[in-house]
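Asks: What follows is a single structure, and I will ask about it in a moment.
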Amino acid sequence: MKEFLSREKISYQEKDVGSDQQAAREMVKRSGQMGVPVTILADQVIVGFNQPALRNAIALLRSSQTSSPTLKLGAQVAEAERILSQQNKPIRTGVVLGRVRPDSLAARAGLQEGDIIIRLNGKAIHNIDNLLTGLQAVVSLKVENSDLAFWRDDREIEGHLPVQFS
1483 MKEFLSREKI SYQEKDVGSD QQAAREMVKR SGQMGVPVTI LADQVIVGFN QPALRNAIAL
1543 LRSSQTSSPT LKLGAQVAEA ERILSQQNKP IRTGVVLGRV RPDSLAARAG LQEGDIIIRL
1603 NGKAIHNIDN LLTGLQAVVS LKVENSDLAF WRDDREIEGH LPVQFS
């Protein structure tokens, strides 16, 4: 699989589900599989080495990368579950923000380092993939001032991403 993706010039992130319990849970949740190779590409679950499905996902990935611009949040992000468990804090799903760049979309939305994004336009954000998909939807659907919900100091805050399309 790695050889195939490299040959197609597709960047990937490998997760060892044998030692990473969160990755194992995510794999089972998304694919229903526990013992075969699972690849998630262009938000499609591919079980085993199904070349037609892989080629279709690669085509979708490439068309989405070239056909629409991306929306950059302007902040470092990480899986909240992983970060909170490392800090021995109560587990919460979402995407935790690291450094927020001044004048970035995140800064203009009032987001701060340590905030945990949990919803974007009414859709739950459980991980970075969800956030990227949500940001892509904002662009493709041209959603201005997208609704945003995040946790800060143990309370939920609702706000907006100040996105403007001309």
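Residue numbers (the working numbering): 1483 to 1648.
Note that beta-carbon positions come from the ideal geometry of N, C-alpha and C, so glycine has one too.
Could you check which residue in Ala1589, Val1559, Lys1497 and Glu1490 has the C-alpha nearest to that of leucine 1543?
Replies: The residue with the shortest Cα to Cα distance from leucine 1543 is Glu1490.
Asks: Can you check which of these residues, Met1509, Ser1488 and Leu1536, is closest to aspartate 1498 by C-alpha distance?
Replies: Closest by alpha carbon: Met1509.
Asks: Please report the distance separating the alpha-carbon of leucine 1593 from that of glutamate 1496.
Replies: So the alpha carbons of these two residues sit roughly 30 Å apart.
Asks: Is the segment 1590-1607 close to the segment 1620-1637, with three or more CB pairs under 8 Å?
Replies: Yes, they touch.
Asks: Counting only the same chain and skipping the five closest in sequence on each side, list residues whose C-beta sits under 8 Å from that of valine 1620.
Replies: Cβ neighbours of valine 1620 beyond the five flanking positions: Leu1553, Leu1602, Asn1603, Ser1628, Leu1643 and Val1645.
Asks: Cα-Cα, which of Asn1570, Leu1566 and Ser1622 is closest to aspartate 1458?
Replies: The structure shown has nothing for residue 1458, since the chain only spans 1483 to 1648.
Asks: Can you tell me which of the three DSSP states valine 1620 falls into?
Replies: Helix.
Asks: Could you please give the first and the last residue of the uninterrupted beta strand (DSSP E) stretch that includes leucine 1587?
Replies: From DSSP, leucine 1587 is part of no beta strand (DSSP E) but of the alpha helix (DSSP H) over 1587-1590.
Asks: Closest to alanine 1505 by C-alpha separation, out of Asn1538, Glu1561 and Ile1540, would be which residue?
Replies: Of the listed residues, the one whose Cα sits closest to alanine 1505 is Glu1561.
Asks: Going by DSSP, what residue range makes up the alpha helix (DSSP H) through leucine 1643?
Replies: Element bounds for leucine 1643: not the alpha helix (DSSP H) but the beta strand (DSSP E), 1637-1643.
Asks: Measuring CA to CA, which of Phe1531, Asn1538 and Asp1585 is closest to phenylalanine 1486?
Replies: Per the Cα distances, Phe1531.
Asks: Helix, strand or coil for serine 1628? Go by DSSP, reduced to three states.
Replies: Of the three classes helix, strand and coil, the one that applies to serine 1628 here is strand, per DSSP.
Asks: Does DSSP put serine 1549 in a helix, in a strand, or in coil?
Replies: The predicted model places serine 1549 with a pLDDT of 49, which falls under 50 and marks its position as unreliable, so this point remains unresolved.
Asks: According to the neighbour-count rule (16 or more other Cβ atoms, all chains shown, within 10 Å of its Cβ), is glycine 1580 buried or exposed?
Replies: Result: exposed.
Asks: With 8 Å as the threshold, decide whether the Cβ of lysine 1554 is near any Cβ in chain D.
Replies: Judged by its chain identifiers, the structure shown contains no chain D, having just a single protein chain.
Asks: Who pairs with alanine 1505 in a beta bridge, going by DSSP?
Replies: Answer is none; alanine 1505 lacks a bridge partner.
Asks: Relative to the C-alpha of serine 1488, which candidate in Arg1512, Leu1536 and Glu1640 has its C-alpha closest?
Replies: It is Leu1536 whose Cα lies nearest to the Cα of serine 1488.
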